[in-house]
Amino acid sequence: MKIREIAELVQGELVGDAEMEIVRVALPELAGEKEIAFIERAENLPENVKASCLIVPENFAKELHCSIIKVKNPKLAFAKVAGVLYRFQAPKKRNQTAFIAEDAEVEADFIGAFVSIGSKTKIGKGTAIFDNVTIGSDVEIGENCVIFPNCVIYDRVRIGNNCVLHAGVVVGADGFGYVRDEKEYVKFPQIGTVVIEDDVEVGANTCIDRGALGETRIGAGTKIDNLVQIAHNVRIGKRVVIAAQTGISGSTVIEDDCVIGGQVGIGDHATLKSGAVIGSQAGILPGKIVRAGVWWGTPVQPLAEYKRLNAHFRNLERFKEEIKALKEKLNELEKLIS
Amino acid sequence: MKIREIAELVQGELVGDAEMEIVRVALPELAGEKEIAFIERAENLPENVKASCLIVPENFAKELHCSIIKVKNPKLAFAKVAGVLYRFQAPKKRNQTAFIAEDAEVEADFIGAFVSIGSKTKIGKGTAIFDNVTIGSDVEIGENCVIFPNCVIYDRVRIGNNCVLHAGVVVGADGFGYVRDEKEYVKFPQIGTVVIEDDVEVGANTCIDRGALGETRIGAGTKIDNLVQIAHNVRIGKRVVIAAQTGISGSTVIEDDCVIGGQVGIGDHATLKSGAVIGSQAGILPGKIVRAGVWWGTPVQPLAEYKRLNAHFRNLERFKEEIKALKEKLNELEKLIS
Amino acid sequence: MKIREIAELVQGELVGDAEMEIVRVALPELAGEKEIAFIERAENLPENVKASCLIVPENFAKELHCSIIKVKNPKLAFAKVAGVLYRFQAPKKRNQTAFIAEDAEVEADFIGAFVSIGSKTKIGKGTAIFDNVTIGSDVEIGENCVIFPNCVIYDRVRIGNNCVLHAGVVVGADGFGYVRDEKEYVKFPQIGTVVIEDDVEVGANTCIDRGALGETRIGAGTKIDNLVQIAHNVRIGKRVVIAAQTGISGSTVIEDDCVIGGQVGIGDHATLKSGAVIGSQAGILPGKIVRAGVWWGTPVQPLAEYKRLNAHFRNLERFKEEIKALKEKLNELEKLIS
Numbered sequence: 386m387k388i389r390e391i392a393e394l395v396q397g398e399l400v401g402d403a404e405m406e407i408v409r410v411a412l413p414e415l416a417g418e419k420e421i422a423f424i425e426r427a428e429n430l431p432e433n434v435k436a437s438c439l440i441v442p443e444n445f446a447k448e449l450h451c452s453i454i455k456v457k458n459p460k461l462a463f464a465k466v467a468g469v470l471y472r473f474q475a476p477k478k479r480n481q482t483a484f485i486a487e488d489a490e491v492e493a494d495f496i497g498a499f500v501s502i503g504s505k506t507k508i509g510k511g512t513a514i515f516d517n518v519t520i521g522s523d524v525e526i527g528e529n530c531v532i533f534p535n536c537v538i539y540d541r542v543r544i545g546n547n548c549v550l551h552a553g554v555v556v557g558a559d560g561f562g563y564v565r566d567e568k569e570y571v572k573f574p575q576i577g578t579v580v581i582e583d584d585v586e587v588g589a590n591t592c593i594d595r596g597a598l599g600e601t602r603i604g605a606g607t608k609i610d611n612l613v614q615i616a617h618n619v620r621i622g623k624r625v626v627i628a629a630q631t632g633i634s635g636s637t638v639i640e641d642d643c644v645i646g647g648q649v650g651i652g653d654h655a656t657l658k659s660g661a662v663i664g665s666q667a668g669i670l671p672g673k674i675v676r677a678g679v680w681w682g683t684p685v686q687p688l689a690e691y692k693r694l695n696a697h698f699r700n701l702e703r704f705k706e707e708i709k710a711l712k713e714k715l716n717e718l719e720k721l722i723s
Numbered sequence: 386m387k388i389r390e391i392a393e394l395v396q397g398e399l400v401g402d403a404e405m406e407i408v409r410v411a412l413p414e415l416a417g418e419k420e421i422a423f424i425e426r427a428e429n430l431p432e433n434v435k436a437s438c439l440i441v442p443e444n445f446a447k448e449l450h451c452s453i454i455k456v457k458n459p460k461l462a463f464a465k466v467a468g469v470l471y472r473f474q475a476p477k478k479r480n481q482t483a484f485i486a487e488d489a490e491v492e493a494d495f496i497g498a499f500v501s502i503g504s505k506t507k508i509g510k511g512t513a514i515f516d517n518v519t520i521g522s523d524v525e526i527g528e529n530c531v532i533f534p535n536c537v538i539y540d541r542v543r544i545g546n547n548c549v550l551h552a553g554v555v556v557g558a559d560g561f562g563y564v565r566d567e568k569e570y571v572k573f574p575q576i577g578t579v580v581i582e583d584d585v586e587v588g589a590n591t592c593i594d595r596g597a598l599g600e601t602r603i604g605a606g607t608k609i610d611n612l613v614q615i616a617h618n619v620r621i622g623k624r625v626v627i628a629a630q631t632g633i634s635g636s637t638v639i640e641d642d643c644v645i646g647g648q649v650g651i652g653d654h655a656t657l658k659s660g661a662v663i664g665s666q667a668g669i670l671p672g673k674i675v676r677a678g679v680w681w682g683t684p685v686q687p688l689a690e691y692k693r694l695n696a697h698f699r700n701l702e703r704f705k706e707e708i709k710a711l712k713e714k715l716n717e718l719e720k721l722i723s
Numbered sequence: 386m387k388i389r390e391i392a393e394l395v396q397g398e399l400v401g402d403a404e405m406e407i408v409r410v411a412l413p414e415l416a417g418e419k420e421i422a423f424i425e426r427a428e429n430l431p432e433n434v435k436a437s438c439l440i441v442p443e444n445f446a447k448e449l450h451c452s453i454i455k456v457k458n459p460k461l462a463f464a465k466v467a468g469v470l471y472r473f474q475a476p477k478k479r480n481q482t483a484f485i486a487e488d489a490e491v492e493a494d495f496i497g498a499f500v501s502i503g504s505k506t507k508i509g510k511g512t513a514i515f516d517n518v519t520i521g522s523d524v525e526i527g528e529n530c531v532i533f534p535n536c537v538i539y540d541r542v543r544i545g546n547n548c549v550l551h552a553g554v555v556v557g558a559d560g561f562g563y564v565r566d567e568k569e570y571v572k573f574p575q576i577g578t579v580v581i582e583d584d585v586e587v588g589a590n591t592c593i594d595r596g597a598l599g600e601t602r603i604g605a606g607t608k609i610d611n612l613v614q615i616a617h618n619v620r621i622g623k624r625v626v627i628a629a630q631t632g633i634s635g636s637t638v639i640e641d642d643c644v645i646g647g648q649v650g651i652g653d654h655a656t657l658k659s660g661a662v663i664g665s666q667a668g669i670l671p672g673k674i675v676r677a678g679v680w681w682g683t684p685v686q687p688l689a690e691y692k693r694l695n696a697h698f699r700n701l702e703r704f705k706e707e708i709k710a711l712k713e714k715l716n717e718l719e720k721l722i723s
């Protein structure tokens, strides 16, 4: 990519050489020839910039030997450039060890070693299925997806276009539902499915269970970190972000544009309204409806309230002493009067 | 299954056509011909029931066009019907890619692609081992089990009959035990084993470590959700339920019929007495003995106490103001007297 | 190993037969012929010791039929003996199903079934790669490592000597980093790498993400339990211990000799100074610097403070009553005066 093309891509103001070729991104203090870096603030400028191009904030005033591109949001611009420079291009290749059902319709460009693909499954073009991935029957996977090694996709799951599943992801395992008999747990049927819409990324070893009777759904553009648990019949909206090790119980609804921290626990049948932001390690009770805004703690409270209560909590020592002082004073007073 | 057979299975009172064939279960509002659904309460009846058969509570009084079966616990009855309609029947088939040690005794009906089975391992009839599963040496797996793709079963593990391991489960990895030397951590031997009794179901990506010297044991009929951690030498009783992302530390004992929520942390050498119910995200200290009843919070308290203390906690603001008011009043009084 | 050799290894005082051969370790109450056991305190001695050798504390005064070895730390001595008796020796064998790139330099002694090894990857001698493991391109793995089944090692990861990765570990998946645009999340490049130094053990299904631009590093001698999440650009020092299900957010630094309990959550850009000990389920806020010492709770506090505050918390009931009593007394006094 020429620097000129980069400036166009990020709609930035270019100062310096426009024709040089950029091939890699790097950290500003380590970047060298043919590399591009970014700084979020002018004061973050390293001493000896050796990058060929630097993305800087609009108010950046210094002169540099390298080309600079001024933009409103340098980090975003840098991410966009990297997105083009590192666009994953699956090699057109099928490992001869892969075991693909005869009636599967596999257009995928890349199929790795020891991949297993079940009957009637359809996989779109541009998609890469890495080594040791197991895909069941009647699955549909769209175009330009990347399924990293050792993922398991159960029967009848639907995955859209441009999705990324990192290693060890399990999609479509049975939900956790039983009915207690007098003497044992009887399994409630887990025969629904999972639908993952377009542009979803799922982190390593995350589990997304199939619906009991209906579906579990992950909305378009949603990003899920590692080791997350998504139970049966959960419905997650568009552009939701979920950090690592969070667990979402059955039938809970997360509306569009929510942001959920790490290690959060969400009870079943809860609802997070669009725009809710949940702090890490928070706990949300079953059935709870959480409005837009920032929430914290277990059970969740608005962040401001959480902070106020915690401040009081830290004052308990003082409360105790004040109560003691009041008692003593009162006793003195009493003596004085009597 | 004929409706008559279903009514017999669930010991319900049948009203309507007894001979129609039912082939699938479904949600009441979506069920159609040859499908059976259930409602837990009469008021949950959807407007236009099109199911061929509906399981309803005993006090259900309306008349419907379809057959109905009245039972005490409709959800349980429905689960039992689904259990018959969807009974997993492993196809009798061995994928030619599977790598099975010559001295393994494998009666399993189904062996998927890229399955590896070690020396002297025994697997019972009716069992299905799905693709990319790795089973070590000297393992014993009973009859009618289902081992989903990409599970790993280390050497010498014992698994009973009718067990289900979902994708990515790891059974028998080394426990986490070290002894600190002056200069490093020396590994304590992790050479015990894991015993999983009959009718156990284990969720995706859950880990059950082998005993250090003795065994880790999971009792019959116990159900474990996804991403659960069970450490070395833990002993879990019969019919225990453990929700997702819970962690149980070494040598802890969970007695029969306990129910443990999600993201619970249990310290080492603790004991949960039979009938203990632990709320999600609770924390149990090492060595703690938890009696039957409902427990909540970190460190766990009886639910009633947890609620009372939390109510006080939310009153801290008021405490503060009351202390302030008392102070002022006392000051006034003091002035008055002096 | 002869008992004499064992006594030398652990620098203990041997009483009894020195020439007998020991082949296994066992629990003191179960150990029999040719087996060695240990007791940490004299009062833990079982009634009928049948072991051939028992490791005991220095002050142990009883006479036994078997040989005894007196040492300062019996558990440590026992662990060292087991380390020799059970030293893992990879069989020299390559399963013919393994798929190894032609330009990979694989000296590893053992390669299991359905292993995939990418282009230009180097693996040292004495190392064992178990079944269904997927190793990317340009990876380097040292000598005498054990990579258990179904692990995934992404491209360009570096692993030192004597490391153990348990089943399902994922090393080098993309970190979780996005920049929010007006209308979607744009992926921040995750093109760094992971460096795991010598003598590291990683538990089953744990995830260690690659650096965004730089590296994620795990120091020599560090031990990590199951289902742990280590985010991009985290730097973990030497001899750190991390228990199960803990999550460490991006760019956090854990210095040497820290001990971290289970289910701990650590925010991004935090620093744990050398010698910090973090209690299970604790929560550390982003950017927080945690000094040496024992810390507990969310947000973390020094253990002593945590205990004091929790004691107050449990006294809230009493505070309430005392405030009430003060009010009443004050009212009486007021009446008395007026």
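Residue numbers (the numbering used here), protein chains in the order written: chain A, 386 to 723; chain B, 386 to 723; chain C, 386 to 723.
In this text, a Cβ means the ideal position worked out from N, Cα and C, and glycines have one as well.
Treat the numbers as computed from the prediction; the structure is a model and nothing was measured.
Could you have a look at residue i and say whether DSSP puts it in helix, strand or coil?
i         : result
ILE532(C) : strand
GLY521(B) : coil
PRO459(A) : helix
GLU490(A) : strand
TYR539(B) : coil
PHE484(B) : strand
ALA436(A) : coil
ILE407(C) : coil
GLY468(B) : helix
ILE388(B) : helix
Measuring CA to CA, which of the options is closest to residue i?
i         : options                                       : result
GLY606(C) : CYS592(B), ARG565(B) and ASP610(B)            : ARG565(B)
VAL555(B) : ASN590(C), ASP584(C), ASN529(C) and LEU721(C) : ASN590(C)
Give me, in chain order, the residues of the same chain whose beta-carbon lies closer than 7 angstroms to that of residue i; leave out the 5 immediate sequence neighbours on both sides.
i         : result
ILE627(B) : ILE609, ASP610, VAL613 and ILE645
LEU394(C) : LYS465, VAL466 and VAL469
TYR691(A) : TRP681 and GLY682
LEU412(A) : ALA422
Under 9 angstroms, Cβ to Cβ, is there at least one residue of chain B near residue i?
i         : result
ILE544(A) : no
VAL679(C) : no
ASP642(A) : no
ASN716(A) : no
GLU404(C) : no
ALA558(A) : yes
Using a Cβ cut-off of 9 angstroms (strictly closer), state whether residue i contacts chain E.
i         : result
THR656(A) : In the structure shown, chain E cannot be found, because the protein chains are A, B and C.
Taking 9 angstroms as the CB-CB cut-off, is residue i touching chain A?
i         : result
PRO534(B) : yes
ALA446(C) : no
THR482(B) : yes
LYS705(B) : yes
LYS505(C) : no
HIS450(B) : no
Note down, in chain order, each residue of its chain lying with its Cβ closer than 8 angstroms to the Cβ of residue i, except the 5 sequence neighbours on either side.
i         : result
LYS447(C) : ALA427 and LEU430
ASP494(C) : ALA475, PRO476, LYS477, LYS478, LYS510, GLY511, THR512 and ALA513
Identify, in the order they occur along the chain, each residue of the same chain with its Cβ nearer than 6 angstroms to the Cβ of residue i, setting aside the five sequence neighbours on each side.
i         : result
GLN630(C) : LEU612, GLY647 and GLN648
PRO534(A) : PHE515, ASP516, ASN517 and ALA552
Next on the checklist: Does the contact criterion of 3 or more C-beta pairs under 8 angstroms hold for the stretch 533-550 of chain B versus the stretch 560-575 of chain C?
Outcome noted: Note that the stretch 533-550 of chain B does not touch the stretch 560-575 of chain C; fewer than 3 beta-carbon pairs, one per stretch, sit closer than 8 angstroms.
Checklist entry - Do three or more CB pairs link the stretch 696-707 of chain C to the stretch 655-672 of chain C at distances below 8 angstroms? => result Between the stretch 696-707 of chain C and the stretch 655-672 of chain C, the count of Cβ pairs shorter than 8 angstroms is below three; the stretches do not touch.
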